[in-house]
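*Asks:*
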């Protein structure tokens, strides 16, 4: 899947990250990188970051961690995070 960051008022896509990547951990890394690089160029507003991912086979713990710094940037900019789980077919 991929990560979409959209402006909720006009549904304008700001970013399309991690195209065709279904691994939650690597998508979180990409989102954090994008947030750090774009924090100063995005005006605070109402945004949505949607991460689509598949569960790891035989997952029983561990996984992705969203850093405090990423959460701070998302809060400052008004970005909600959606985690959309898809079956692994």
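In UniProt numbering, the protein residues as written are 1 to 89.
Cβ atoms here follow ideal geometry from the backbone N, Cα and C, with glycine treated the same way.
Quick caveat: nothing in here was measured; it's all calculated off a predicted structure.
1. With H, G and I counted as helix, E and B as strand and the rest as coil, what does DSSP make of residue 66?
2. With DSSP run on the structure shown, which of helix, strand or coil describes residue 5?
3. What does the Cβ neighbour count give for residue 15, buried or exposed, with the cut at 16 atoms within 10 Å?
4. Which of the three DSSP states is assigned to residue 40 in this structure?
5. Among all the DSSP beta bridges, which residues are the ones paired with residue 52?
6. What does the alpha-carbon distance come out to for the pair residue 37 and residue 22?
7. Which of the three DSSP states, helix, strand or coil, is assigned to residue 12?
8. Taking the straight line between their C-alpha atoms, what separation do you get for residue 95 and residue 49?
9. Going along the chain, which residues of its own chain have a beta-carbon closer than 8 Å to the beta-carbon of residue 44, five neighbours each way excluded?
*Replies:* Reading off the structure:
1. On the chain shown, position 66 is the one that residue 66 refers to. Reduced to three states, the DSSP call for residue 66 is coil.
2. By one-based count along the chain shown, residue 5 stands at place 5. Looking at residue 5 - three-state DSSP - the assignment turns out to be strand.
3. Residue numbering aside, residue 15 sits at position 15 when the chain shown is read from its first letter. By the neighbour-count rule (16 or more Cβ atoms within 10 Å), residue 15 is buried.
4. Mapped onto the chain shown, residue 40 falls at position 40. It is coil, neither helix nor strand.
5. As a first step, residue 52 must be located in the chain shown, where it is residue number 52. 84.
6. Residue 37 sits at position 37 when you count from the first residue of the chain shown. Residue 22 sits at position 22 when you count from the first residue of the chain shown. When rounded, the distance between both Cα atoms is 22 Å.
7. Counting from 1 along the chain shown, the entry for residue 12 is found at position 12. Looking at residue 12 - three-state DSSP - the assignment turns out to be strand.
8. Missing from the structure shown is residue 95; the chain here goes from 1 to 89 and no further.
9. One-based indexing of the chain shown puts residue 44 at position 44. So the list reads 76, 77, 78, once near-sequence residues are dropped.
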